[in-house]
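K.L.:
This is the structure I have questions about; it appears just below.
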Amino acid sequence: MPEPMTVSFPPAFLWGAATSAYQIEGAVREDGRTPSIWDTFSHTPGRTAGGDTGDVAVDHYHRYRDDVALMAELGLNAYRFSVSWPRVQPTGRGPAVQVGLDFYRRLVDELLSHGIKPALTLYHWDLPQELEDAGGWPERDTALRFAEYAQLVGEALGDRVEQWTTLNEPWCSAFLGYSSGVHAPGRTEPQAALRAAHHLNLAHGLAMQALRSVLPARASVAVSLNSQVIRPLSQDPADLAAAQRIDDLANGVFHGPMLQGAYPATLLEATSSVTDWSFVLDKDLADIKQPLDALGLNYYTPVLVSSPERAPEGPRADGHGTSEHSPWPGSDDVAFHQTPGDRTEMGWTIDPDGLHELIMRYSRLAPGVPLYVTENGAAYPDKVDGDGRVHDPERIAYLHAHLATVHRALADGADVRGYYLWSLMDNFEWAYGYAKRFGAIYVDYETLERTPKSSAHWYGKAARSGQLPPVDAL
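Note that the UniProt record's numbering has the sequence shown beginning at 1, numbered continuously upward.
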């Protein structure tokens, strides 16, 4: 029987894990931090599973040194985290609160002392509530405020952080936050969602300019998109048109302006009944289209669509939570289908080929721009066994399959520089509260004790060797 082929990654490949501030930090009322939209949303009855909030989360604010030590023990060489905007700039305006920035200075110093490269995301959904009270992302002023915030953080941490990301998954911020309402701030206004998408684009472009004015030349500035793999149910023209409509709303609405300096004409036409796009001003598209140093891609599962004539029975299956309101403005004539195959606890189909498809698409759309998989992972119903360990072979198989796909993309010519597992540890999973566990490290939510799962040890072995161990290596 032949030996299995060794899957080896480039020596400089980054093996990381990712988190976000509201999901792990806790300490929501300490050191001057004020409420974000997620504090307000999670404290509103009926918005999150079990009424869960991020008030304590996994208390990373006080336990960050232990968490960094765990990363180092596992062999990770990169860590992607986000800065809490209301911890640094409580009202979204004015000077920074230095004690808030000090937390991130300490965190970054701790990472560097363990040889772990920090990758900082400026916005992972925790808009200061005061800015939402003034209108939120549908208002242009929020983009201007974001650029000022970006400059404050850049000035404080630019001497020690080389990898910067402006926004994480702006699609979720715009469409889950302002159209379907299943994410904070919980609004169900399709026109506001499209306005929010544009002003998130503008915030990205203005923040890139602000960062470049203060960061050293070696810094890399990127954006992380949850661009989706949209597949038509068939090659029927009506199904192909449905796929194009959702591709525009999922992907083109962001990569069009960011990479090509224009919104897709098909998007503008399809949403003309929702808005006239008059909020796009003359200089905006030039401000948005800034040269990227890198591009982050977040991937979990593909989306299968058709014309309404082929709609499946039962509730809309678009994979973004249950809501009577659609996250897709102007797409009432599109039907969503459950993709075939095994699923994670989120109900998301496991499809590694979709990640390859996504990477190769953006290799073509952004030639010469290094790519990073900035989120990929799976939720399973993990538990501590009688031996005190957490065995999660399903997650190991998931990671092996997706990392093998990244390797295939590298062999096909894609310039993929790193992979960030979602997530470092179990945490507050947005509207799902603490019910879904994505972490490589298990967290007991009563004691907050951390226990690396089997997948953490497997992934650590891959990180230390630069090669994929067999799925049964442990």
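Where is the CB? At the ideal position from N, CA and C, for every residue including glycine.
Source: prediction; values computed, not measured.
1) Can you name the residues that DSSP bridges to residue 476?
2) Could you pull out every residue in the same chain whose Cβ sits closer than 8 Å to the Cβ of glutamate 3, ignoring the five residues on either side in sequence?
3) Thinking just about the alpha-carbon of each residue, which of Pro216, Asp282, Ser307 and Val253 is nearest to the one in aspartate 236?
4) Restricting to Cα atoms, I'd like to know which of Leu267, Pro45, Leu202 and Leu355 is closest to glutamine 290.
5) So, are the CB atoms of glutamine 467 and valine 83 less than 8 Å apart?
6) Taking Cβ to Cβ, would you say leucine 295 is nearer than 8 Å to leucine 371?
7) Between proline 185 and glycine 136, how many whole angstroms is the CB-CB distance? I'm expecting something under 8 Å.
8) Ordered along the chain, which non-local residues of its own chain (more than five positions away) have a Cβ less than 6 Å from that of glutamine 228?
9) Starting from leucine 304, trace the beta strand (DSSP E) both ways and give me its first and last residue.
10) Excluding the five sequence neighbours on either side, which residues of its own chain have a C-beta within less than 8 Å of the C-beta of methionine 1, listed in chain order?
11) Output the distance between the C-alpha atoms of serine 213 and threonine 344, rounded to the nearest integer angstrom.
12) Could I get the ranges of all uninterrupted alpha helix (DSSP H) runs contained in the stretch 187-265, with 4 residues as the minimum, in chain order?
13) Determine whether the beta carbon atoms of methionine 301 and threonine 349 lie at a separation below 8 Å.
14) Candidates Arg63, Pro216, Asp333 and Pro35: which alpha carbon is nearest aspartate 239's?
15) Within its chain, find whatever has a CB closer than 7 Å to the CB of valine 274; leave out the 5 residues flanking it on each side and keep chain order.
16) Hey, how far is the Cα of asparagine 77 from the Cα of glycine 460?
17) For the 8 Å Cβ check, are there 3 or more pairs between the stretch 445-454 and the stretch 33-50?
18) Give me the Cβ distance between proline 170 and alanine 210, rounded to the nearest whole Å; I'm assuming they're in contact under 8 Å.
19) Of all the options Val253, Val305 and Leu297, which has the alpha carbon lying nearest to the alpha carbon of valine 280?
20) Taking arginine 389 as the reference, give the member of Ala119, Asp248 and Ala456 with the closest Cα.
21) How about arginine 437 and tyrosine 380: do their beta carbons lie closer than 8 Å?
22) Check whether the stretch 63-75 and the stretch 110-120 touch, using three or more Cβ-Cβ pairs below 8 Å as the test.
23) In three-state terms, what does DSSP make of glutamine 338?
24) Determine the direct distance from the alpha carbon of aspartate 387 to that of leucine 297, and round the result to whole angstroms.
25) Going by C-alpha distance, which of Ala57, Ala17, Pro95 and Leu167 is nearest tyrosine 432?
26) Is it true that the stretch 49-68 meets the stretch 18-28, where meeting means three or more beta-carbon pairs spaced less than 8 Å apart?
27) Give the single residue among Ile441, Gly347, Gly158 and Arg361 whose Cα lies nearest to the Cα of valine 384.
28) Excluding the 5 residues preceding and the 5 following aspartate 248 in the sequence, name in chain order all residues of the same chain whose CB lies nearer than 6 Å to its CB.
29) The beta strand (DSSP E) that contains threonine 44, what's its start and end?
30) Among the residues of its own chain, which have a CB less than 6 Å from the CB of alanine 150, if the five just before and after it don't count?
31) Please report the straight-line C-alpha distance between alanine 174 and threonine 142, rounded to a whole angstrom.
32) Looking at the unbroken beta strand (DSSP E) that takes in lysine 117, where does it start and where does it end?
33) Less than 6 Å between C-beta atoms, sequence neighbours within five positions excluded: which residues of the same chain meet that for proline 138?
34) Rounded to whole angstroms, what is the Cα-Cα separation between glycine 341 and proline 10?
35) Provide the residue span of the alpha helix (DSSP H) that contains residue 520, from first to last.
36) Distance, Cα to Cα, glutamate 309 vs glycine 154?
P.N.:
Taking the coordinates as given:
1) No statement about residue 476 is possible, as the shown extent of the chain runs from 1 to 474 and does not include it.
2) With a pLDDT of only 41 at glutamate 3, under the threshold of 50, the placement of this residue in the model should not be trusted, and no figure is reported.
3) Ser307
4) Nearest C-alpha to glutamine 290 among Leu267, Pro45, Leu202 and Leu355: Leu202.
5) no
6) yes
7) 6 Å
8) Ala250 and Val303
9) 303-306
10) Below a pLDDT of 50, predicted positions are generally treated as unreliable, and methionine 1, at 37, falls in that range; no measurement from the model is reported.
11) 43 Å
12) Listed in chain order, the complete alpha helix (DSSP H) runs (minimum 4 residues) inside the stretch 187-265 are 190-214 and 237-247.
13) Here residue 301 is threonine; the residue named in the question, methionine, does not match the sequence. Yes, these two residues count as a Cβ contact at 8 Å.
14) Asp333
15) Pro190, Gln191, Leu194, Pro329 and Gly330
16) Taking C-alpha positions only, asparagine 77 is separated from glycine 460 by approximately 10 Å.
17) no
18) In fact, because the Cβ distance is near 17 Å, the residues do not count as touching under 8 Å.
19) Relative to the Cα of valine 280, the nearest Cα in the group Val253, Val305 and Leu297 belongs to Val253.
20) Ranked by Cα distance from arginine 389, the first of Ala119, Asp248 and Ala456 is Ala456.
21) The criterion of a C-beta distance shorter than 8 Å is satisfied by arginine 437 and tyrosine 380.
22) yes
23) coil
24) 37 Å
25) Ala57
26) yes
27) Taking the Cα of valine 384 as reference, the smallest distance to any Cα among Ile441, Gly347, Gly158 and Arg361 is reached at Ile441.
28) Pro264, Thr266 and Leu267
29) Going by DSSP, threonine 44 is part of no beta strand (DSSP E) at all; its letter is neither H nor E.
30) Leu122, Ala207, Ala210 and Leu211
31) When rounded, the distance between both Cα atoms is 13 Å.
32) 117-123
33) Ala192, Arg195 and Ala196
34) Their backbone Cα atoms lie some 31 Å apart in a straight line.
35) Not covered by the structure: residue 520. The range shown for the chain is 1 to 474.
36) 51 Å
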